[in-house]
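Asker: If you scroll down you'll find the structure; I have some questions about it.
Chains as they are written, first to last, in the UniProt record's numbering: chain R, 1 to 593; chain Y, 1 to 330.
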């Protein structure tokens, strides 16, 4: 595949197992244990010894698996329902994505507690770097050959590996926290940056480099994000992004919340995405439960998700323009967001974090007069977008600051796991809403905005156009909103439809159990990815047949996007970095979870 | 009262006038912080400070009280002497430069026959404020800001002076009052010296470190740059110093290119001060409007713009003006 080529993307066929044939032909069928799941992709267990060969083979197949979409672990020690699976204390899974096949495959490796070692695959996909660090940090699994296997989410002084099942989840299970002066100094010393640790030189032949610590509190770092720059004058020789300041352990929390009560936590993953975050989670839970939601639910969900795409993109637009130095537009985009929130508040009752989707439906039906409010917004925004384009985005200083800045091509984007507008601005037409429709997106008529240069300017222009397309989708929801129930008629719908609970004792009991203990999901694994505001966001859920998730893996786009910073920005100026950070459109909550 | 000779009277009146002008300029500079915020609020679809007093006019009092009572903190790692000196220079340099401005036929601090040169000297000195602040703070962001400031000032002061030489050549004097009178008799210099005006205006923004030439502070990049370590009154002096610089430069633009205290077409010669104040306020507003409307170019683009565009333009302007002056003299 050449750079910048627009690939043809095959129609999506879930559960396409053709790759198993290709693998068996090469490695023999006995090399794989096939696991049946509801993830919509083949899940294959392989032996550790063959892992590198198999992954390399998949990477180099005709129509290759170009992207390492996700890599993480599972602590299998407390899992009870794992019939037919290889014995394992820990599992590491590799989720690979092929754009040309429009299909995924998941490779799993079983590890025993006494021997938690795996070969690093950073030489096959460079973006395995941070994922492997995170697995080491949270599970204590060692990756041989990793260039810099240190903690990434937790502070360097942390003890233990928090995602292990024997690691307590509640603060009350620890001794009370105290901070002495000695401990504070110890922590500060541990956070000190030593260039040698990262293989950096302190000086060249004729000059000393300056190491500039940008963040974790810097106006343009967009949150608690630290990036250490190695500067020659104002030119960035190299840099080290450091994350983890916003880590709240959302994946750990998911393991002690009921399936239902975890929904509000998802809102806070990408805190600008609102109900858009609920979507992959509830879709994934619905796959586990086998719920098919009514059309009206799909439409309502799509409409609200698109509203949040717009509010998120408006915030991006304002701050991005501000990052290149124009102070005014951000106030106007915030005024527009206010108008969107007026509609969102009227429909959901909340503004930023409505937590409004439910397993099998939404929290309540659309209120009376919703259509009038939505119509007002649909009429308002396009005019404003035209104004922004004319007043700010066609400004020659802004263009001079962003065109050709922080440029990368499709091949680089894919090898770093870049998704969303960052990928489409390189010319690749890959939008999940079209490529793998979910939640009824196949019913809507809209276009996928593309650009060609893959620079900071294009990333912005793609998002501006996406807002126009979102307006189109909302408009279609407005015109064609189907009648019907706002909850699926299914025993696992949570909370269950109330009407019958007051008539039948059986449904009353179910209702009581579901709102107290929470619903019990059948033991299985499921997966759903969506085109979220910032790229592809997905939830990979493992149920052990309980009221709580056994393992919830949240793959967020911003994590991958930040990892890509050093190769893109090397050789540019400090001001370019600021424009680049603005154009990525990340929030740290989405990176650290 | 025999000691009160007419000479002494004149002297006392001159001193009194100078003190009045000093106070007015400083207060105007301080008030600008309020006016700028209100104007920005107006343009940006929000209110701005409107709580303290009628229309928020006493906001400035509240701000000053806050600033006075803040801890006057000097970082332990700073070079204390230079660290204290820097805000003084920032405050004083452009304030002194105001001395050469003739406000009305009878008002003005100093009537120097090298008027413009004095302004150049003060503008040259003001860069030391940024340089000293950046260096003595012992902070990497401040240092980067200071380096940007030095490079920018060196580049822009080259044609800051050259841009005005057209005016000087036409008038044949450095004296500000001569320049104003010349404009009253001929044309305001905005027309014959249009390119001189453009380049001087650009350079003047650069000298005041105002947006889009606020590279040394560049909040989004350097998180405030050279004055990142300052707090309390020291920071306040940088802050007010910047506004005083705006007042001075706006007054200069009015004096040099827009006929000083004269009204357009000799209208209403009875109110010279009003004309002067109105025109100065207009330019102050332009400074604020610029800040509200455009993005900030990258630092190397600023330098390239200076050397590759402004300097050649200035030189051509000077050559053409010189040729015309010579031609008309013969």
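Ideal placement from N, C-alpha and C gives every residue a C-beta, glycine not left out.
Under 8 Å between the Cβ atoms of residue 29 of chain Y and residue 240 of chain Y?
Answerer: Result yes, Cβ atoms of residue 29 of chain Y and residue 240 of chain Y sit closer than 8 Å.
Asker: With residue 334 of chain R as the anchor, note down where its alpha helix (DSSP H) starts and where it stops.
Answerer: That run of the alpha helix (DSSP H) goes 329–348.
Asker: Going by the beta-carbon positions, is the gap between residue 73 of chain R and residue 152 of chain R smaller than 8 Å?
Answerer: No. Outside cutoff.
Asker: State the start and end residues of the unbroken beta strand (DSSP E) segment that holds residue 35 of chain R.
Answerer: It spans 33–35 - the beta strand (DSSP E) in which residue 35 of chain R sits, taken as one unbroken run.
Asker: Taking CB distances under 8 Å as the criterion, tell me whether residue 43 of chain Y reaches chain R.
Answerer: Cβ-Cβ to chain R under 8 Å: yes for residue 43 of chain Y.
Asker: So for residue 253 of chain R, helix, strand or coil by DSSP?
Answerer: Note: residue 253 of chain R maps to helix in three-state DSSP.
Asker: As a quick exercise: from R:310, R:245, R:78, pick the residue whose alpha carbon is nearest that of residue 275 of chain R.
Answerer: For the residues R:310, R:245, R:78, the minimum Cα distance to residue 275 of chain R belongs to R:310.
Asker: On a CA-only basis, which of Y:17, Y:181, Y:44, Y:143 is nearest residue 224 of chain Y? Give me that one, please.
Answerer: Of the listed residues, the one whose Cα sits closest to residue 224 of chain Y is Y:143.
Asker: Got a sec? Which residues, its chain only, sit under 6 Å from residue 169 of chain R by beta carbon, not counting five neighbours each side?
Answerer: These residues qualify, in order along the chain: 252, 256.
Asker: Which value, in whole angstroms, describes the spacing of the CA atoms of residue 315 of chain R and residue 235 of chain Y?
Answerer: Each residue's Cα considered, the two are about 31 Å apart.
Asker: Going by the beta-carbon positions, is the gap between residue 174 of chain Y and residue 101 of chain Y smaller than 8 Å?
Answerer: No, the pair does not count as a contact, with Cβ atoms beyond the cut-off.
Asker: Any beta carbon of chain R sitting closer than 8 Å to that of residue 325 of chain Y?
Answerer: No, residue 325 of chain Y lies away from the interface with chain R (no Cβ there is under 8 Å from its Cβ).
Asker: With DSSP collapsed to three states, give me the class of residue 463 of chain R.
Answerer: Helix.
Asker: Just to confirm before moving on: does the CB-CB distance between residue 310 of chain Y and residue 191 of chain Y stay below 8 Å?
Answerer: Not closer than 8 Å, so no.
Asker: Using CA coordinates, which residue listed in R:443, R:490, R:495, R:496 is at the minimum distance from residue 612 of chain R?
Answerer: Since the first residue of chain R shown is 1 and the last is 593, residue 612 of chain R is not available in this structure.
Asker: Please classify residue 137 of chain Y as buried or exposed, where buried requires at least 16 other C-beta atoms within 10 Å of its C-beta.
Answerer: Residue 137 of chain Y is buried by the Cβ-count criterion.
Asker: Quick one: list the residues of chain Y neighbouring residue 326 of chain R, beta-carbon separation under 7 Å, in chain order.
Answerer: Here the neighbours are 294, 295.
Asker: Please report how far the alpha carbon of residue 343 of chain R lies from the alpha carbon of residue 306 of chain R, in whole angstroms.
Answerer: Residue 343 of chain R and residue 306 of chain R: Cα-Cα distance of roughly 12 Å.
Asker: Please report the distance separating the alpha-carbon of residue 1 of chain R from that of residue 130 of chain Y.
Answerer: Low confidence applies to residue 1 of chain R: its pLDDT is 39, below 50, so where it sits in the model is not reliable enough to give any reading.
Asker: Distance check for residue 581 of chain R and residue 448 of chain R, CA to CA, integer angstroms please.
Answerer: One C-alpha to the other measures close to 23 Å.
Asker: Quick one: list the residues of chain R neighbouring residue 212 of chain Y, beta-carbon separation under 8 Å, in chain order.
Answerer: Here the neighbours are 325, 397.
Asker: CB-CB under 6 Å to residue 51 of chain R, same chain, minus the five flanking residues each way: which ones, in chain order?
Answerer: Contacts found: 109.
Asker: Could you check if residue 6 of chain R is buried or exposed, using at least 16 other CB atoms within 10 Å of its CB as the buried criterion?
Answerer: Note that residue 6 of chain R scores a pLDDT of 49, beneath 50, so its modelled location is shaky and nothing firm can be said.
Asker: Does the CB of residue 301 of chain Y have a neighbour CB from chain R at under 8 Å?
Answerer: It does: the Cβ of residue 301 of chain Y has a partner Cβ on chain R nearer than 8 Å.
Asker: Alpha carbons only, please: which of R:572, R:557, R:499 is nearest the one belonging to residue 416 of chain R?
Answerer: Closest option to residue 416 of chain R, Cα to Cα, is R:557.
Asker: Exposed or buried, residue 210 of chain Y, counting other C-beta atoms within 10 Å across all chains shown (16 or more means buried)?
Answerer: Buried.
Asker: What would DSSP say about residue 220 of chain Y, mapped onto helix, strand or coil?
Answerer: Looking at residue 220 of chain Y - three-state DSSP - the assignment turns out to be helix.
Asker: State buried or exposed for residue 149 of chain R, treating a residue as buried only when at least 16 other CB atoms are found within 10 Å of its CB.
Answerer: The residue in question, residue 149 of chain R, is buried, as its Cβ has 16 or more Cβ neighbours within 10 Å.
Asker: Assuming residue 157 of chain Y contacts residue 123 of chain Y (C-beta within less than 8 Å), just tell me the rounded distance between them.
Answerer: The pair is a contact, with the Cβ atoms about 6 Å apart (cut-off 8 Å).
Asker: Exposed or buried, what is residue 329 of chain Y when buried is set at 16 or more other beta-carbons lying within 10 Å of its beta-carbon?
Answerer: Its Cβ having fewer than 16 others within 10 Å, residue 329 of chain Y is exposed.
Asker: Excluding five sequence neighbours on each side, which residues of the same chain lie with their C-beta closer than 6 Å to the C-beta of residue 52 of chain Y?
Answerer: If we look at residue 52 of chain Y and ignore the five residues flanking it on each side, its Cβ neighbours are 58, 59, 62.
Asker: What are the boundary residues of the alpha helix (DSSP H) that includes residue 593 of chain R?
Answerer: No alpha helix (DSSP H) contains residue 593 of chain R, which DSSP labels as neither H nor E.
Asker: Quick check on the DSSP output: the alpha helix (DSSP H) that includes residue 29 of chain Y runs from which residue to which?
Answerer: First-last of the alpha helix (DSSP H) with residue 29 of chain Y: 6–43.
Asker: Counting only C-beta atoms, is residue 308 of chain Y closer than 8 Å to chain R at any point?
Answerer: With 8 Å as the cut-off, residue 308 of chain Y does not count as an interface residue toward chain R.
Asker: Return yes when the Cβ of residue 193 of chain R is within less than 8 Å of the Cβ of residue 228 of chain R, no when it is not.
Answerer: Yes, these two residues count as a Cβ contact at 8 Å.
Asker: Residues of chain R with CB closer than 8 Å to the CB of residue 220 of chain Y, please, in chain order.
Answerer: Within chain R, the residues near residue 220 of chain Y are 219, 220, 322, 323, 324, 325, 578.
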